[in-house]
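Per the UniProt record's numbering, the sequence shown starts with residue 1, numbered consecutively. Using N, Cα and C, we set each Cβ at its ideal position, and we do this for glycine too. Note that the structure is predicted; figures quoted are calculated from it, not measured. This report concerns only the one structure given below.
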Amino acid sequence: MVTETTDKTFEQDTATGVTLTDFWATWCGPCRMQSPVVEQLAGEMDNVTFNKMDVDANPNTPQSFGIMSIPTLLVKKDGKVVDSIVGYHSKDQLKKILDQYVEA
């Protein structure tokens, strides 16, 4: 399951474990391609918390992380940013990236 997160809840939603947050917007074509991939991974990887954030409705968090392009996928481990992935990526690519943080 992918949970909607907001400027108000982001820090709490990404404070523990490995988390991936999909920064997206409704008007973004590549974001609409990335979202189903993130949804599939969320159904397969129960050791990662998956979130999404609409950058138009929540501008503060993306700005604080210097996110200029979407989709951007921000990976955090125990509240610290460990990776930032810009642009569309396949399920296999994302799983490989996430696996290194889950196992570390």
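Residues bridged to residue i [DSSP beta-bridge criterion]
i: Lys77; result: Val18 and Lys80
i: Glu4; result: Lys52
Cβ pair residue i, residue j closer than 8 Å
i: Val81; j: Ile70; result: no
i: Asn47; j: Val75; result: no
i: Thr61; j: Asp13; result: no
i: Ile97; j: Asp83; result: yes
i: Tyr101; j: Gln34; result: no
Residue burial classification, residue i (beta-carbon count within 10 angstroms, cutoff 16)
i: Ala15; result: exposed
i: Gln40; result: exposed
Residues near residue i in its chain [Cβ-Cβ closer than 6 Å; skip 5 each side]
i: Ile85; result: Leu73
8 Å Cβ shell around residue i - same chain, five flanking residues per side excluded
i: Val38; result: Val2, Leu20, Asp22, Phe50, Lys52, Leu73 and Leu94
Residues near residue i by beta carbon distance below 7 Å, same chain, minus five either side
i: Ala25; result: Cys31, Asp54, Val55, Asp56 and Ile70
Secondary structure, beta strand (DSSP E): runs of 3+ residues fully inside the stretch 27-96: List check, beta strand (DSSP E) in window: 48-54, 72-77 and 80-86.
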